[in-house]
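Colleague:
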Amino acid sequence: MQGLFQYDGGFAKVLGKIADIACLSLLWLLSSIPIITMGASFCALYNTVYKVIRFDRAGLWQEYWNSFRQNFKQATIAWLCLLAIYLLAGLSSLNAYALFELGELPAWMLILLGIAVALVTMWACFLFPCISRFHNTLGNIAKNCGIIVLANIIPSVLLVVILILAVILILCVPAGLIFAPVCCTCLSSLMIEKVFRKYMSEEDIHNEEAENRGFAGKPE
36 MQGLFQYDGG
46 FAKVLGKIAD
56 IACLSLLWLL
66 SSIPIITMGA
76 SFCALYNTVY
86 KVIRFDRAGL
96 WQEYWNSFRQ
106 NFKQATIAWL
116 CLLAIYLLAG
126 LSSLNAYALF
136 ELGELPAWML
146 ILLGIAVALV
156 TMWACFLFPC
166 ISRFHNTLGN
176 IAKNCGIIVL
186 ANIIPSVLLV
196 VILILAVILI
206 LCVPAGLIFA
216 PVCCTCLSSL
226 MIEKVFRKYM
236 SEEDIHNEEA
246 ENRGFAGKPE
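Going by this note's numbering, 242 is the number at position 207 of the sequence shown; the sequence numbering is gapless.
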C-alpha cells in the first residue's frame, strides 16, 4: 500500500499518464489554431500517442515537435487538399439539399454524396497516421491509404464512428477537449496499427516490437 503512493508507484504513474494526456491535448489544440498547421498537428498527435502514451517513451514535447517538423511539408499539403475537398463537398451538399427541397434532385444523389464524404473521411483517418509512421512520397501514401480503406472497410467505418463520437462529446462537454483528442487517437491507433501490420514486413514488425519493449522496460 505504501508503494502505491511513491513517485514510481501505481497511483503516481496513473496521475502522470493523465497529465500527459491533458498536456498532449492542449499541445495539439495550440498547434492547430492557425488551421493551416492542422495536418502536421494530426501527425504529431498520432506519433506521440503511439510512442509516448501507449509505449511510455520519454520526451512528450520532443516527440511531438520532432514529428511536427519532420512531417510538416507532406502533412500540410495533404491537409490543404483535404480541406479543399471538404469545402467543395460542403458547398455541393448545400446546393444539392436546396435542389432536393425543390424536388429537382432525387434522394439517392444526397445519399451518394454522403457516402463520398464518408469515404474521404475514412481515407483521412489513415492518411495522417501513415504520414507520421512511414517514409514515402505523398502520392504513394495517398494511394496506399485509399487501398487500405477499401480493403479494410469495417475498421475504417469504426474509425469514423469514433471520430464522430469524440466530436459530439466535445460539442456537448467543451471541457472534454482536454482529454478527447488523445483518447480518441489512442483508441483509433489500436485499430490503425492492427491494419498497418498487415502491410509491414516481419522484420519491421519484429524490430518495432523490440524497440517498444525496450522503452517499456526502461527504468525511470
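All C-beta atoms in this analysis are idealised placements derived from N, C-alpha and C, irrespective of residue type, glycine included.
On a predicted model such as this, the values are computed, not experimentally measured, just so you know.
1) Is there contact here, the region 167 to 180 with the region 106 to 113, by at least three beta-carbon pairs under 8 Å?
2) Could you compute how far the alpha carbon of F77 sits from the alpha carbon of R92?
3) Could you please give the first and the last residue of the uninterrupted alpha helix (DSSP H) stretch that includes Y12?
4) Can you check whether the CB of I68 is closer than 8 Å to the CB of V217?
5) Look at Y81 and T220 and say whether their C-beta atoms are less than 8 Å apart.
6) Under three-state DSSP, which class holds A251?
7) Comparing C-alpha positions only, which one of E243, G51, M73 sits nearest to R168?
8) Candidates Y234, A54, V152: which alpha carbon is nearest I182's?
9) Tell me whether the beta-carbon of V184 lies closer than 8 Å to the beta-carbon of L225.
10) What separation, rounded to the nearest whole angstrom, lies between the Cα atoms of H170 and A131?
11) Could you check the C-alpha separation between A75 and C58 for me, to the nearest Å?
12) Using only alpha-carbon positions, find the residue among I88, E246, A151 that is nearest to L222.
13) With DSSP run on the structure shown, which of helix, strand or coil describes E238?
14) Decide if C207 is buried, meaning its Cβ has at least 16 other Cβ atoms within 10 Å, or exposed.
15) Could you tell me which uninterrupted alpha helix (DSSP H) segments, each at least 4 residues in length, are contained entirely in the region 186 to 243, listed from first to last along the chain?
16) Are V202 and C160 closer than 8 Å when you measure CB to CB?
17) Is it the case that the Cβ atoms of S127 and L148 are separated by a distance below 8 Å?
18) By Cβ distance below 8 Å, which residues in the same chain neighbour K52 in space, the five residues on each side in sequence not counted?
19) What's the gap between the Cα of A133 and the Cα of L123?
20) Can the beta-carbon of L256 be found less than 8 Å from the beta-carbon of I205?
Modeller: From the atom records:
1) yes
2) Walking along the sequence shown from the start, residue 77 turns up at place 42. Walking along the sequence shown from the start, residue 92 turns up at place 57. Taking the straight line joining both Cα atoms gives about 19 Å.
3) In the structure as shown, the chain begins at 36 and stops at 255. Residue 12 is therefore absent and cannot be evaluated.
4) Mapped onto the sequence shown, residue 217 falls at position 182. Mapped onto the sequence shown, residue 68 falls at position 33. No; because the gap between Cβ atoms is not below 8 Å, this pair is not in contact.
5) Stepping through the sequence shown from its first residue, residue 81 is reached at position 46. Stepping through the sequence shown from its first residue, residue 220 is reached at position 185. For Y81 and T220, yes; Cβs fall inside 8 Å.
6) In the sequence shown, the residue the question calls residue 251 occupies position 216. Bear in mind that a pLDDT of 49 at A251, under 50, signals an unreliable position, so the number given afterwards is only what the model happens to contain. Three-state result, A251: helix.
7) Within the sequence shown, the letter at position 133 stands for residue 168. When each option's Cα is compared against that of R168, the closest is E243.
8) Within the sequence shown, residue 182 is the residue found at index 147, counting from 1. Ranking the options by Cα distance to I182, first place goes to Y234.
9) To locate residue 184, count along the sequence shown from 1; it is residue 149. To locate residue 225, count along the sequence shown from 1; it is residue 190. The answer is no: Cβ separation not under 8 Å.
10) Locating residue 170 in the sequence shown gives position 135, counting from the first residue. Locating residue 131 in the sequence shown gives position 96, counting from the first residue. Straight-line Cα distance between these residues: approximately 39 Å.
11) Counted from its first residue, the sequence shown places residue 75 at position 40. Counted from its first residue, the sequence shown places residue 58 at position 23. Those two C-alpha atoms are separated by around 17 Å.
12) Against the sequence shown, residue 222 aligns to sequence position 187. Ranking the options by Cα distance to L222, first place goes to I88.
13) If you number the sequence shown from 1, residue 238 lands on position 203. The answer is helix: DSSP assigns E238 an H, G or I state.
14) The residue given as residue 207 occupies position 172 in the sequence shown. The residue in question, C207, is exposed, as its Cβ has fewer than 16 Cβ neighbours within 10 Å.
15) 188 to 207, 215 to 231
16) Mapped onto the sequence shown, residue 202 falls at position 167. Mapped onto the sequence shown, residue 160 falls at position 125. No.
17) To locate residue 127, count along the sequence shown from 1; it is residue 92. To locate residue 148, count along the sequence shown from 1; it is residue 113. Contact flag set, yes.
18) Taking the sequence shown and counting its residues from 1, one reaches residue 52 at position 17. Result list for K52: I88, in chain order.
19) As a first step, residue 133 must be located in the sequence shown, where it is residue number 98. As a first step, residue 123 must be located in the sequence shown, where it is residue number 88. Distance between the alpha carbons of A133 and L123 is about 16 Å.
20) Outside the modelled stretch of the chain, which goes from 36 to 255, sits residue 256, for which no answer is possible.
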